[in-house]
Amino acid sequence: MIPALIVLAVLALLFVVYVILLKPRPEPKTSVEPLKVDYAHRGLWGKNEAVENTLPAFEQADEFGYGIELDVQLSSDGEIVVFHDDTLERLCGRPERVDSLTSSELSWVDIHGTYEKIPLFEDVLNRIDHRIPLIIELKGLDTTLCEKVALILDHYDGYFSIESFNPFLLNWFRINRPRYVRGQLTTNLFRSNRKAPFVAKFCISTMFFNFLAKPDYISYDIKYPKALPVVICDKLYHAMTAVWTVEDRETFKEQKAAGRIVIFQKCEPLEEYASKVRREKLR
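All the letters of the sequence shown, read from the start, carry residue numbers 25 to 307 under our numbering.
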């Protein structure tokens, strides 16, 4: 009986420690209110002719007044390109890794057989209305990306937040750019990607390293709304939450009613919302 009680006590203590480690940043260093809008996932695309993470997709999101979520990573020559996947296979039909080609080589790659190319991060920032909020997802493991993104955003006068599945990238911003708004991405990687390395599954699924990232908000997979770390951050710490990726109108409305930031894709724009944003932009 006594050994069993000791085991239970140890488990309870470990759970308490885990809950403490999950605690987000208590007080944002910067106002998060301008960021509380709905975001078009990789721009506004799907039922139109635009392709994800391209200038037309971002311009259409801008036109409708939605925030923009986009992905950034480094080319082999250290330029910041906007592209989601590690390789060009899905969107471009080529086997190369994005980080194996220079930005010049990537600029010649056609996306989906269109004339659209992989844009540079700076080009995207130059083409959109700076009043449109951005969620910038950092890909990979190299903190060099953090440094290069920060150098650009230091001179950007729009609203933005940084997010990543990798808490160590967010930790770089916590130390070096504490006023930047940070979001911790999470999903149940044990269920969604069984081939992923165990370390990645543990890190992303449990958000164990929140004590390093100290995020301002949690951005979670709509497929796993009851994941333990999400529930703890939401119910116990009342963290700001974003949900991805919403793909139908009813779920959109449900998540908005729950007070969450919605990152949507292939979902018809809500006309009344888009009209409201347009009116505000024209003031």
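Backbone N, C-alpha and C fix where the C-beta goes; we use that ideal spot for every residue, glycine too.
>> Tell me the residue span of the beta strand (DSSP E) that contains Phe184.
In response: Phe184 to Ser188 is the extent of the beta strand (DSSP E) around Phe184.
> Going straight from the alpha carbon of Val148 to that of Leu193, what length do you get?
Replying inline: Val148 and Leu193: Cα-Cα distance of roughly 22 Å.
>> For a test of the three-state rule: what should DSSP assign to Tyr180, helix, strand or coil?
In response: Correct three-state label for Tyr180: coil.
> Distance, Cα to Cα, Ile228 vs Leu209?
Replying inline: For Ile228 and Leu209, the distance between alpha carbons rounds to 8 Å.
> If you draw a straight line from the C-alpha of Leu274 to the C-alpha of Val31, how long is it?
Replying inline: The sequence shown places Glu at residue 274, rather than the Leu named in the question. The C-alpha of Val31 is placed about 45 Å away from the C-alpha of Glu274.
> What do you get for Tyr180, buried or exposed, if any count of 16 or more other CB atoms within 10 angstroms of its CB means buried?
Replying inline: Tyr180 comes out exposed.
>> Considering only the alpha carbon of each residue, which of Ala33, Thr138, Glu93 and Ile26 lies closest to Val270?
In response: In this structure, Glu93 is the residue among Ala33, Thr138, Glu93 and Ile26 with its C-alpha nearest to the C-alpha of Val270.
> Ala338: which of Leu115, Thr211 and Asn200 sits nearest, CA to CA?
Replying inline: Residue 338 is absent from the structure shown; the chain starts at 25 and stops at 307.
> Who are the near neighbours of Thr126 in its chain, counting only those whose CB is closer than 7 Å to its CB and skipping five residues on each side?
Replying inline: Same-chain partners within the cutoff: Ser99, Ser100 and Asp101.
>> Just to confirm the assignment, what range does the alpha helix (DSSP H) spanning Gln84 have?
In response: Leu79 to Phe88 is the span of the alpha helix (DSSP H), which, as asked, contains Gln84.
>> Nearest by alpha-carbon distance to Ile44: which of Ile142, Thr230 and Phe88 is it?
In response: Ranking the options by Cα distance to Ile44, first place goes to Thr230.
>> What does the alpha-carbon distance come out to for the pair Tyr139 and Glu146?
In response: Whole-angstrom Cα-Cα distance: 20 Å.
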